[in-house]
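Structure, as structure tokens:
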Amino acid sequence: MLYEDLMTLFQAAPKKDRGGWKYIIREQNDKYEIVDEMLKNQMSIELYFNEYDEVKITLYKDGIPISTMQRIAISKVELDEDEEGIQFVLERMPSRMIRLQLKPYLALEMGPYWEICDDCE
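Numbering (this note's numbering), first residue to last: 157 to 277.
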């Protein structure tokens with residue numbers, strides 16, 4: 157699930173990495189880009205995932221890890237409106253999500269998840 161969803165979102169194949177795949181996302185002029193390696197002087201995110209739909213997300217500033225969320229099973233992936241971020245809904249706690257903000261700058265947050273119902277009043 158994650159492989160197909162992320163490949164569709166980023167329009168690029170992930171890099172094969174020990175037992176899974178990863179994307180390295182770099183902040184560049186208020187935009188993001190998928191790159192092959194991390195640079196020391198920019199914000200970047202390493203998004204690692206495996207065949208069991210578990211993710212490890214690490215936020216780096218100037219090549220130094222600031223925050224890491226790891227071995228988290230995901231039940232659903234949603235792209236925010238205007239493609240400004242990705243929401244990973246947690247499998248064990250479907251009312252919680254990890255949000256990976258892509259625009260205007262890279263950020264990582266965890267919070268409540270609400271499903272929006274188009275047919276509800």
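The beta carbon of each residue, even a glycine, is placed where N, CA and C say it ideally should be.
Along the alpha helix (DSSP H) that carries residue 161, what are the first and last residues, could you check?
158-166
Check whether the stretch 185-202 and the stretch 235-243 are in contact - that is, three or more C-beta pairs closer than 8 Å.
no
So does the stretch 162-179 actually touch the stretch 201-208, counting three or more Cβ pairs closer than 8 Å?
yes
Grab the span of the beta strand (DSSP E) containing residue 243 for me, first residue to last.
241-246
Near residue 168, which residues of its chain fall below 7 Å by C-beta distance, leaving aside the five closest residues on each side in sequence?
190
Minimum C-alpha distance to residue 195 - residue among 172, 209 and 221
221
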